[in-house]
Amino acid sequence: MLSNLLSVERIERGLFDLRLQVVDLVELTRSTAALFATSGQALEIEAPPQVLAWADPEALRQALENLIHNASTHSPEGTALSLTIRRERFDGANWSLVRVRDFGPGIPAELLPTLFDRFALGPTSSGLGLGLYLARSIVQAHGGSLVVEDADGPGACFRLALPMYEPPAGAARCSGSEGDGGPGSRP
């Protein structure tokens, strides 16, 4: 909670600096989800071997932690969370995506317009109402988006989209190497 409060303050004051590098969203999502697996929450992860994005891994981990924590909190005991990582093309661009879905009661329609606002609380919320605000702010700072999608059944589904990292022509495809395009490169 303290980390979220500090990050919100840095965002509000324009002091939120990203340390961008090539990040494997599959690896980052799996390691973040592992923090929640110890709580007895079953996690189902569907992913290809690798999905790359140009991101700050620590900031992105914080956004993922907030999304997975919310999904875990709103999921009935004994049901699994679904995490899907993939590449998709929409809005004329290539995106690296993480979908976080729970199978709880879903989000009441009247909460959707303010869901990502600071201090937005639902009827069963127990936090400060900063998690989704912070997650969206972090993703937007990366040039991405965080939206609620139709869950096509019970629960809620959040889609985190980041510009896909595509190495320069002739560069090696490995995270953190000299051939990753460097800190001045953008996808």
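In the UniProt record's numbering, the protein residues as written are 1 to 187. We put the CB at the ideal spot given by N, CA and C, even for glycine.
In this structure, the beta-carbon distance from Leu28 to Arg99 does not fall below 9 Å. Distances from the CA of Ala141 to each of Pro57, Asn94, Pro48, Glu44 were compared; the closest alpha carbon is that of Pro57. Segment contact: the segment 87 to 106 against the segment 147 to 162, three or more CB-CB distances shorter than 8 Å; contact assigned. Of the residues assessed, Asn94 falls on the exposed side of the cut-off, its CB having fewer than 16 other CB atoms within 10 angstroms. Look at Val148 here: in three-state DSSP terms it is strand.
DSSP lists Glu46, Arg99 as the bridge partner or partners of Thr84.
A residue is called buried when at least 16 other Cβ atoms come within 10 angstroms of its Cβ; Phe90 does not meet this threshold and is exposed. Residue range 157 to 163 is occupied by the beta strand (DSSP E) that includes Arg159.
Checking the DSSP bridge columns, you'll see Gln21 partnered with Ala55. With respect to the 9 Å criterion, His74 and Gly131 are not classified as neighbours on the basis of their beta carbons. For the pair Pro48 and Arg30, the Cα-to-Cα distance works out to about 12 Å. Here Arg89 is bridged, per DSSP, to Asn94. For Thr73, the three-state secondary structure derived from DSSP is helix. Rounded to the nearest whole angstrom, the CA to CA distance from Pro76 to Ala42 is 11 Å. Ile45 is a Cβ neighbour of Leu83, given a cutoff of 9 Å.
With contacts defined as CB atoms closer than 9 Å, Leu115 and Gly144 fail to qualify as a contacting pair. Between the alpha carbons of Leu18 and Ala80 lies a gap of roughly 32 Å. Of the other Cβ atoms in all chains shown, 16 or more fall within 10 Å of the Cβ of Leu60; this residue is therefore buried. Judged by DSSP secondary structure, Gln140 falls within the alpha helix (DSSP H) whose first and last residues are 131 to 141. Burial of Ala71 is indicated by the presence of at least 16 other C-beta atoms within 10 angstroms of its C-beta.
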